[in-house]
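Counting from 1, position 91 in the sequence shown corresponds to residue 567 in this note's numbering; the numbering is continuous, with no gaps.
To start, the structure under review is shown below, and the notes come after it.
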Amino acid sequence: MNYYNDYFNYDTVEYLDYFNRQQPGEFIAPPSAGGQSGPTPMGPPPGFSPPIPAWQQGPGGLNGCLFRNTYIWLRNGNSFWFFPTFVGRNTIIGFQWRGIGWIYNVINPNSVVSFQCF
477 MNYYNDYFNY DTVEYLDYFN RQQPGEFIAP PSAGGQSGPT PMGPPPGFSP PIPAWQQGPG
537 GLNGCLFRNT YIWLRNGNSF WFFPTFVGRN TIIGFQWRGI GWIYNVINPN SVVSFQCF
């Protein structure tokens, strides 16, 4: 699979610049998406990786997980903690936990198999 198809919407590739400027442990706030602003993750996510739910749900219900720690499973087999700050029809924007800190990330909703928010 193509990396950009799994993680990014082509309209938001300009946000990739934030990956290049961030140093380990450093937080760089991205521009707000669609004029929305809200809380950003203040600490690490829960210290566990939940099992994938028996049911599979697409990204439609992610609006209920806005500004909450959410575990996401993708079609390509990847799974990770995510803190969504914007959910649109073509884009999910937020922060992905990378073990040393939160990194700004954009996900293509079509790549989401399931999720669980906490």
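Don't be surprised by glycine CBs; every beta carbon is placed ideally from N, CA and C.
- prompt: Considering G570, what are the terminal residues of the beta strand (DSSP E) in which it resides?
  reply: Here residue 570 refers to the residue found at position 94 of the sequence shown. I568 to W573 is the extent of the beta strand (DSSP E) around G570.
field: Integer Cβ distance of Q572 from F558, believed to fall under 8 Å
entry: Start at 1 with the first residue of the sequence shown, and residue 572 comes out as number 96. Start at 1 with the first residue of the sequence shown, and residue 558 comes out as number 82. Rounded, the Cβ-Cβ distance is 5 Å, consistent with contact.
query: Which stretch, first to last residue, makes up the beta strand (DSSP E) that contains P579?
result: To locate residue 579, count along the sequence shown from 1; it is residue 103. Per the sequence shown, the amino acid found at residue 579 is Ile instead of Pro. Per DSSP, I579 belongs to the beta strand (DSSP E) from W578 to I583.
field: G575 versus S525: straight-line alpha-carbon distance, rounded
entry: The residue you call residue 575 lines up with position 99 of the sequence shown. The residue you call residue 525 lines up with position 49 of the sequence shown. Near 12 Å, if we compare the C-alpha coordinates of S525 and G575.
query: Taking the continuous beta strand (DSSP E) assigned at S590, which residues delimit it?
result: Locating residue 590 in the sequence shown gives position 114, counting from the first residue. Its beta strand (DSSP E) spans residues V588 to C593.
task: Kindly indicate which three-state DSSP category P522 falls into: helix, strand or coil?
output: On the sequence shown, residue 522 is found 46 positions in, with the first residue counted as 1. Looking at P522 - three-state DSSP - the assignment turns out to be coil, as it is neither helix nor strand.
- request: Compute the Euclidean distance between the alpha carbons of P535 and P529, then round it to the nearest angstrom.
  value: For the purposes of this step, residue 535 is taken as the residue at position 59 of the sequence shown. For the purposes of this step, residue 529 is taken as the residue at position 53 of the sequence shown. So the two alpha carbons sit approximately 14 Å from each other.
task: Specify, as a first and last residue, the run of the beta strand (DSSP E) that L550 falls within.
output: Numbered from its first residue, the sequence shown carries residue 550 at position 74. From DSSP, the beta strand (DSSP E) with L550 extends over T546 to L550.
field: Cβ neighbours of G570 in the same chain (closer than 6 Å, five flanking residues each side left out)
entry: By 1-based counting over the sequence shown, the position of residue 570 is 94. Around G570: F558, F559, P560 and T561.
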